[in-house]
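Heads up: the protein sequence lines correspond to chains A and B, in order. Each residue of the first sequence is one higher than the last, beginning at 1 in our numbering. Each residue of the second sequence is one higher than the last, beginning at 1 in our numbering. Have a look at the structure below before the remarks.
There are 2 protein chains.
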Amino acid sequence: MTNEEMLVERLIQALRAHGHSITSQRVMIFRALARRRDHPTAEALYEQLQREQAPDLSLATVYKNLHVFEEIGLARAVASPDGRARFDVPLVPHHHLFCTRCGAMVDIDDGVRVEIEPHLEEETGFRVTGVELVLEGVCPPCQGKPAKTRLWRQATRSVRSSS
Amino acid sequence: MTNEEMLVERLIQALRAHGHSITSQRVMIFRALARRRDHPTAEALYEQLQREQAPDLSLATVYKNLHVFEEIGLARAVASPDGRARFDVPLVPHHHLFCTRCGAMVDIDDGVRVEIEPHLEEETGFRVTGVELVLEGVCPPCQGKPAKTRLWRQATRSVRSSS
DNA sequence: GTTCTTGCAAAACTTTTGCAGCAGT
DNA sequence: ACTGCTGCAAAAGTTTTGCAAGAAC
């Protein structure tokens with residue numbers, strides 16, 4: 001049994017457990033998300049699926065289902081420094097490395113250690129429930145292109161194809 | 001000389017050094033940002049200033065100037081898990097703790113240690129230029145209110161006053 | 001058969017941009 | 001005087017929502 005099949009299995013169980021229906025769009029969107037390793041935006045997933053296998057798929061459906069996956073714990077929205085939501089399947093804890101020139105985001109499975117002192121919760125009064133580390137940098141293909149001083153929105157907006 | 005005056009001094013020098021004009025709006029917006037410790041959104045800053053001291057101020061001006069401050073190194077846009085940009089003055093390195101119920105963001109000056117292994121850059125090929133750690137949790141006032149499963153946009157949208 | 005989901009279109013929300021008039025240099 | 005900045009309004013980009021038709025249970 002492949003890893004992907006196992007994940008789809010988990011999806012189906014989790015959907016059932018939370019009283020959601022199993023639809024072909026749900027399985028398709030989740031499968032595509034699980035297969036990708038580049039933390040796609042909702043629109044990127046939508047474009048891929050629409051082009052490759054479901055011309056009638058709607059972007060709204062992609063958004064709705066990504067949020068369903070979040071609610072049942074099988075997807076996570078990562079706040080990326082360009083202001084768009086990027087999604088991944090967070091079953092193995094990891095951190096992220098974001099390219100400030102092209103917006104690419106890759107996993108860091110190790111090489112980084114985050115330690116939270118036990119007294120942090122006492123001092124702040126917060127109950128800490130999650131850790132989200134985003135390293136910023138420049139990916140190999142972008143090393144050589146001009147630098148941007150501003151990440152938010154402008155720097156990494158994708159070029160619209162004039163189709 | 002107060003800390004705030006020193007920061008304004010630095011702002012003026014940095015603006016001059018980068019060929020930008022010194023305007024009353026710039027000083028006002030920066031002063032308000034430097035004084036606040038809660039990582040306001042552009043709109044939150046705008047509302048405060050418009051209400052308290054500059055009824056004619058425009059939101060576009062706030063955005064434009066926050067980006068000017070970013071470019072000259074005196075402000076930073078923090079990608080918050082609710083999908084809006086939050087700004088702070090990053091002259092002292094620190095991390096952030098985000099409340100997943102109300103969207104509040106507070107500084108963590110210590111209590112967290114992030115270590116990046118030297119070989120991370122070799123392995124990924126990235127040139128790492130920045131670190132952005134956001135811990136997620138529940139702030140004291142929110143402990144007791146119902147939990148949200150979804151951070152992005154919906155969970156923390158501010159209530160519009162029906163003025 | 002009932003309830004939940006989809007796809008479409010429209011709305012909502014945040015951020016950016018064009019431009020005429022004004023302020024800073 | 002010249003250049004750059006402001007404020008307004010409109011546009012752009014992303015995400016959400018209302019609703020009728022269709023699919024899942």
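Where a beta carbon is used, it is the ideal one built from N, C-alpha and C, also for glycine. Quantities reported herein were computed from a predicted structural model and do not represent experimental measurements.
| Check | Outcome |
| --- | --- |
| Beta-carbon proximity list for A:Ala32, same chain, < 7 Å, skipping 5 on both sides | Leu45, Gln48 and Leu49 |
| Residues near A:Gln25 by beta carbon distance below 6 Å, same chain, minus five either side | Thr61 |
| 8 Å Cβ shell around A:Glu121 - same chain, five flanking residues per side excluded | Arg127 and Val128 |
| is_contact[A:Gly137, chain B] using C-beta, thresh 9 Å | yes |
| Assigned secondary structure, A:Leu15 (DSSP; H/G/I helix, E/B strand, else coil) | helix |
| Where B:Lys148 sits in the DSSP three-state scheme | coil |
| Whole-Å CB distance - B:His39 paired with B:Phe87, under 8 Å assumed | 7 Å |
| Whole-angstrom distance between A:Gly125 and A:Arg35, CA atom to CA atom | 39 Å |
| Selected residue, minimal CA-CA separation from A:Ile12, among A:Thr23, A:Thr2 and A:Asn3 | A:Thr23 |
| A:Thr149 classed as buried or exposed, judged by whether at least 16 other C-beta atoms fall within 10 angstroms | exposed |
| B:Arg38 at chain A interface by Cβ criterion, 9 Å | Looking at the sequence provided, one finds Asp at residue 38 of chain B rather than Arg. False, the Cβ-Cβ gap to chain A never drops below 9 Å. |
| CB contact below 9 Å: B:Val62 versus chain A | no |
| Cross-strand partners of A:Ala79 (DSSP beta bridge) | A:Ala85 |
| Test: B:Glu43 CB closer than 9 Å to a CB of chain A | no |
| Three-way DSSP call (helix, strand, coil) for B:Val27 in this model | helix |
| C-beta contact flag for B:Ser80 and B:Val134 at 9 Å | yes |
| Interface flag, B:Arg113 vs chain A, CB-CB below 9 Å | yes |
| Same chain, Cβ closer than 7 Å to A:Asp109, five either side skipped, listed in chain order | His94 |
| For A:Pro55, the nearest candidate out of A:Ala77, A:Met28, A:Gly73 and A:Lys64 (CA to CA) | A:Met28 |
| Segment limits, beta strand (DSSP E) that includes B:Val68 | Note, B:Val68: premise wrong, no beta strand (DSSP E); alpha helix (DSSP H) at Leu59 to Glu71. |
| Chain-order list of residues whose beta-carbon lies under 7 Å from that of B:Val138 (same chain, five-residue window excluded) | Cys99, Thr100 and Arg101 |
| DSSP beta-bridge partners of A:Thr41 | A:Arg86 |
| Own chain partners of B:His18 with C-beta closer than 6 Å, once the 5 adjacent residues on each side are dropped | Ile72 |
| Cut-off 7 Å between Cβ atoms - residues of its own chain near B:Ala104, not counting five sequence neighbours on either side | Asp38 and Cys139 |
| Per-residue DSSP class, three states only, for B:Leu91 | coil |
| 8 Å contact criterion, which B:Leu74 and B:Ala14 should meet: CB distance rounded | 6 Å |
| Helix, strand or coil at B:Cys99 according to DSSP, with G and I counted as helix | strand |
| Burial state of B:Gly144 (16 or more Cβ within 10 Å) | exposed |
| 9 Å Cβ cutoff, B:Val92 in contact with chain A | no |
| C-alpha gap between B:Glu136 and B:Glu117, whole angstroms | 24 Å |
| Residue(s) in a DSSP beta bridge with B:Arg130 | The question names Arg, but residue 130 of chain B is Gly in the sequence shown. A:Glu136, per the DSSP bridge assignment. |
| Beta carbon proximity, B:His20 to chain A, threshold 9 Å | no |
| Burial state of A:Glu132, where buried means 16 or more other Cβ atoms lie within 10 Å | buried |
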